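What follows is a short report on a single structure.
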Amino acid sequence: MQAKTRGERNNNPGNIERIAANKWQGRLSDAEYRTTRESRDNAGRFEVFSAVEWGIRALAALLIAYQDRHGLRTIRGLMGRWAPGQENDTSAYVDHVARLTGFGADTLLDLHSYEHLAPLVRAVITHENGRNGYANATIDEGLFRAGVKPPGKAVVNHIADRAKTTVTVAAGGTAVISAAVTALQQIAPAVPILHDLAGLPVIALAAVGVIAAAGLLIWLATRRR
608 MQAKTRGERN NNPGNIERIA ANKWQGRLSD AEYRTTRESR DNAGRFEVFS
658 AVEWGIRALA ALLIAYQDRH GLRTIRGLMG RWAPGQENDT SAYVDHVARL
708 TGFGADTLLD LHSYEHLAPL VRAVITHENG RNGYANATID EGLFRAGVKP
758 PGKAVVNHIA DRAKTTVTVA AGGTAVISAA VTALQQIAPA VPILHDLAGL
808 PVIALAAVGV IAAAGLLIWL ATRRR
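Residue numbers (the numbering used here): 608 to 832.
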């Protein structure tokens, strides 16, 4: 049996570095981290997660942030930030990821799309670890926790459903929805509906809000009984 790679051992197949400011969901606490091999043998450089699904979520969320915050939408641009030249052979990284995904290095991607994000995540895992030993279901769960819904997977968390309703009622537009994404992800593992809601016109959001408000009032009245 092959020994686990560092990324596999840390439940961090993207080899994301541990930075105090990045409070990833599922990361080990400082006390737990100090007991790990990563902390002892590698000066605490890389993050350690409690389960690989959280590590995959962080990988996916970071790639999405590169797109949304920095406007990086190609493999060349994304991998240039993910694996900068001072530490990596970025050109080789880009070529390998492009070959594994089947996308051109300069093809425009939409990382809110499962069809684009999933192959990219698998390719990064393969490049970082020399293999991808994770079942598709495991990767899909990580993407779902990052807010990208795999085909056929439904949101079944009732807390998430209520939270999404509350945000829709409060918003009346897209600004509050966008601002609430981070908070809601702390309430429930995934809320992919937010991306869809944010793309609706304001008038449509308002209509949804009125309907949701009525439903919320009924639910609150029912709770008091």
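Note that CB positions come from ideal geometry on N, CA and C, so glycine has one too. Predicted model only: the values in this text are computed from it and were never measured.
Pro703 versus Arg664 - alpha carbon distance: Walking along the sequence shown from the start, residue 703 turns up at place 96. Walking along the sequence shown from the start, residue 664 turns up at place 57. In the sequence as presented, Pro is not what sits at residue 703; that position holds His. Separation of His703 and Arg664 (C-alpha to C-alpha, rounded to the nearest whole angstrom) is 22 Å.
Alpha carbon of Ala730 to alpha carbon of Ala744, nearest angstrom: To locate residue 730, count along the sequence shown from 1; it is residue 123. To locate residue 744, count along the sequence shown from 1; it is residue 137. Spanning the two alpha carbons is a distance of roughly 16 Å.
Bridge partners - Arg634, DSSP secondary structure assignment: Counting from one through the sequence shown, the residue named residue 634 turns up at place 27. According to DSSP, Arg634 bridges with Phe656.
Close-in-space but distant-in-sequence residues of the same chain around Glu660 (CB under 7 Å, 5 per side omitted): On the sequence shown, position 53 is the one that residue 660 refers to. Around Glu660: Thr745, Glu748, Gly749, Arg752.
Candidates Trp631, Arg641, Glu735, Leu724, of which the one nearest Val755 by Cα: The residue you call residue 755 lines up with position 148 of the sequence shown. Cα-wise, what sits closest to Val755 is Leu724.
Glu624 - partner residues in DSSP beta bridges: On the sequence shown, residue 624 is found 17 positions in, with the first residue counted as 1. BP columns for Glu624 point to Phe653.
In chain order, each alpha helix (DSSP H) run of at least 4 residues that lies wholly inside the stretch 665-717: 682-689, 697-708
Contact set for Leu715: own chain, Cβ-Cβ below 8 Å, skip 5 residues either direction: For the purposes of this step, residue 715 is identified with residue 108 of the sequence shown, where counting begins at 1. Taken in chain order, the residues that qualify are Arg680, Thr681.
C-beta contact flag for Val701 and Gly687 at 9 Å: By one-based count along the sequence shown, residue 701 stands at place 94. By one-based count along the sequence shown, residue 687 stands at place 80. Going by C-beta atoms, Val701 is nearer than 9 Å to Gly687.
Environment of Ala667 [buried if 16+ CB atoms lie within 10 Å]: Residue 667 sits at position 60 when you count from the first residue of the sequence shown. It counts as buried.
Residue environment, Ala790, which counts as buried when at least 16 other CB atoms sit within 10 Å: Your numbering for residue 790 matches position 183 in the sequence shown. For Ala790, the predicted model reports a pLDDT of 42, less than 50, meaning its position is unreliable; a value from the coordinates is still stated below. Answer is exposed; the Cβ neighbour count stays below 16.
Collapsed DSSP secondary structure at Pro726 in the structure displayed: For the purposes of this step, residue 726 is identified with residue 119 of the sequence shown, where counting begins at 1. Here Pro726 sits in helix by DSSP.
Through-space distance from Gly740 to Phe656, alpha-carbon basis: For the purposes of this step, residue 656 is identified with residue 49 of the sequence shown, where counting begins at 1. For the purposes of this step, residue 740 is identified with residue 133 of the sequence shown, where counting begins at 1. Cα to Cα, the separation comes out at about 17 Å.
Sequence-distant residues of the same chain with beta carbon closer than 6 Å to Pro758, five excluded per side: Stepping through the sequence shown from its first residue, residue 758 is reached at position 151. So no residue of the chain qualifies.
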